DNA sequence: GCCGTTTTCGGCCCGACTGTTTTCAGTCG
């Protein structure tokens with residue numbers, strides 16, 4: 146059911162990409178992208194919309210795209226797409242991934258030089274064969290070669306957790322430059338995207354042209370890739386690209402908003418501004434009569450369009466502007482809402498710190514409770530707990546809880562979900578824990594149907610309090626296993642199972658794109674650090690970011706509850722199951 | 001390709017920088 150929707154979205158996105166390569170009308174390309182995004186947000190599957198005859202009522206889907214979706218849903222294919230694909234070689238899709246190489250130049254390389262892959266392009270550059278092509282010169286060739294290096298070395302993506310501290314340090318360094326009145330991180334880093342491809346920083350200075358030279362003094366620069374009056378582009382030694390934009394102090398708020406994006410958000414906001422007779426650019430807002438006066442901050446900026454402040458995490462170009470206009474923005478979760486944490490490992494299994502040390506670290510962080518969940522016995526690679534160890538740990542927890550000193554220890558387990566969906570311990574052992582996290586750690590290679598059934602069966606177990614890292618993905622490492630998340634969310638709602646937002650920056654799983662769906666279905670979530678050391682309790686910040694991007698509020702997250710309420714909640718599902 | 005009580009045609013967000021150009025196309029965000 147959901148696979149059908151995903152396939153349609155994919156199809157529309159692919160068409161847009163192919164049209165881009167063909168140098169088609171940009172607005173036509175955007176029409177396909179808009180249709181894909183709209184469908185993404187829609188609860189109803191395309192097949193259902195078609196059955197109800199309502200497909201073309203969806204904004205952004207007209208006759209042409211509607212017919213294409215119908216053909217694709219009915220036959221599983223689309224002739225138009227097949228023809229496009231036949232006419233635009235797949236190699237071009239690979240080529241436009243190289244920074245500095247867009248559809249036009251890629252097409253020239255393909256038609257004039259017969260370049261079919263990045264490898265061939267690299268070879269052609271080294272043979273000096275690009276020079277002489279219309280629109281190409283020695284600089285372009287060098288640029289492309291450097292772009293290839295970057296793609297090969299880093300795949301162009303970085304983990305947010307690796308980038309954010311660097312970005313903040315750069316902004317702080319620029320903030321200290323004489324004359325600078327503000328320097329802030331913008332872009333996808335500020336929006337809290339889980340992976341990012343570059344850093345954007347906006348700097349305010351009475352003489353913007355004075356900022357560029359200061360930027361060039363920053364430490365760790367490997368290469369300067371652009372240097373104009375107001376924009377400086379760098380690549381750091383780590384391969385991370387950085388863009389710095391300089392504006393006048395009175396332009397800072399609109400500029401910060403502009404460079405925070407997303408691009409899609411900006412397009413939508415400009416559309417709304419236009420309806421109101423206002424024009425936005427990165428330096429300010431103009432009415433028909435001329436530029437409006439200085440804008441104090443982003444809140445004032447949004448007010449010009451009759452909107453409340455939209456938090457950066459929500460600015461992905463979905464329905465955030467619509468929701469803001471209707472007063473339906475959520476009051477997003479904050480880290481200070483977090484009262485305690487679940488999913489913490491100790492030296493009983495593969496953690497680096499002892500139970501007592503983890504509890505002490507939690508206390509120092511001001512947490513009111515900490516839920517210990519070491520690995521279960523099947524996870525031998527992680528020194529999973531045999532039954533004797535389970536009992537021993539529970540005795541130690543009881544002993545430590547005699548003097549809890551403000552932080553209560555909850556006894557739990559991260560139990561493997563076995564291939565058939567059963568858990569790793571019998572019910573009487575499971576009943577001895579305060580909570581149980583069920584996770585898939587093995588036998589990843591199953592069909593989507595089998596994996597979905599396996600996970601749902603685990604959730605039907607009354608002792609399973611939470612589902613751990615629902616897809617098993619590792620960012621920039623491996624894709625998650627095949628699983629029908631829509632069905633998992635339905636099952637979580639039906640069984641009263643909490644879904645984990647695993648806050649390890651490599652996981653961030655459940656993905657923010659699914660969090661909102663879960664919330665709408667009435668599912669509760671837990672922001673879990675999956676900490677294997679005392680320091681990793683700080684991972685909670687990444688999980689909070691994910692929850693915020695998923696429109697979640699404190700109410701949606703169980704570990705914002707005080708201890709007595711959270712203990713009640715942990716008992717609810719098994720109590721219901723026992724009746 | 002989509003959309004519309006200003007419109008069924010003519011709009012659709014806007015600007016910086018680079019490189020290859022004799023005035024601007026391509027790329028990016």
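Residue numbers (the working numbering): 146 to 724. The C-beta atom is built at its ideal place from N, Cα and C for all residues, glycine as well. Note that the structure is a prediction, hence the values are computed from the model and not measured.
Going by the DSSP bridge assignment, what does residue i pair with across the sheet?
i, result
"residue 348", "328, 391"
"residue 672", "646"
"residue 517", "489, 556"
"residue 623", "619"
"residue 612", "583, 644"
"residue 702", "670"
"residue 343", "386"
Please name the residue in the options whose C-alpha comes closest to that of residue i.
i, options, result
"residue 206", "225, 193, 182", "182"
"residue 550", "501, 720, 196", "501"
"residue 721", "677, 697, 641", "641"
"residue 174", "209, 616, 195, 344", "209"
"residue 613", "604, 621, 620", "604"
"residue 664", "643, 624, 389, 177", "643"
"residue 301", "335, 341, 308", "341"
"residue 587", "563, 267, 621, 719", "563"
"residue 308", "459, 558, 346", "346"
"residue 486", "503, 472, 169", "503"
"residue 633", "558, 479, 667, 156", "667"
"residue 530", "674, 597, 559, 337", "559"
"residue 153", "215, 176, 337, 333", "215"
"residue 326", "679, 395, 574, 619", "395"
"residue 299", "286, 381, 212", "381"
"residue 516", "492, 552, 537, 509", "552"
"residue 263", "232, 282, 295, 401", "295"
"residue 237", "222, 223, 260, 225", "260"
"residue 374", "402, 367, 361", "361"
"residue 481", "158, 177, 287, 510", "510"
"residue 629", "279, 599, 719", "599"
"residue 479", "597, 349, 672", "672"
How far does the beta strand (DSSP E) with residue i in it reach, from first residue to last?
i, result
"residue 582", "580-584"
"residue 368", "366-372"
"residue 553", "553-561"
"residue 380", "376-381"
Counting along the chain, where does the alpha helix (DSSP H) carrying residue i start and finish?
i, result
"residue 594", "593-605"
"residue 179", "171-186"
"residue 635", "630-640"
"residue 573", "572-575"
"residue 396", "Segment: none, residue 396 is in no alpha helix (DSSP H) and carries neither H nor E."
"residue 654", "No alpha helix (DSSP H) contains residue 654, which DSSP labels as neither H nor E."
"residue 211", "208-220"
"residue 687", "685-694"
"residue 541", "532-545"
"residue 358", "356-360"
"residue 192", "191-196"
Going by the CB atoms, is the gap between residue j and residue i shorter than 8 Å?
i, j, result
"residue 514", "residue 708", "yes"
"residue 556", "residue 519", "no"
"residue 661", "residue 687", "no"
"residue 483", "residue 704", "yes"
"residue 353", "residue 392", "yes"
"residue 289", "residue 247", "no"
"residue 191", "residue 149", "yes"
"residue 608", "residue 576", "yes"
"residue 468", "residue 474", "yes"
"residue 398", "residue 431", "no"
"residue 316", "residue 306", "no"
"residue 636", "residue 601", "yes"
"residue 217", "residue 156", "yes"
"residue 383", "residue 335", "no"
"residue 234", "residue 268", "no"
"residue 615", "residue 655", "yes"
"residue 565", "residue 584", "no"
"residue 702", "residue 692", "yes"
"residue 370", "residue 389", "no"
"residue 160", "residue 229", "yes"
"residue 653", "residue 620", "yes"
Taking 7 Å as the cut-off, is the C-beta of residue i nearer than that to any heavy atom in the ligand FAD?
i, result
"residue 341", "Although the ligand FAD was asked about, the structure shown includes no ligands whatsoever."
Just list the alpha helix (DSSP H) runs in the segment 440-507, keeping only unbroken ones of 4 residues or longer that don't cross its boundaries, in chain order.
443-448, 465-470
Quick one: which unbroken alpha helix (DSSP H) runs of 4-plus residues sit fully inside the segment 225-312? Chain order, please.
235-240, 248-258, 263-271, 283-299
Could I get the ranges of all uninterrupted beta strand (DSSP E) runs contained in the segment 399-436, with 3 residues as the minimum, in chain order?
424-426, 429-432
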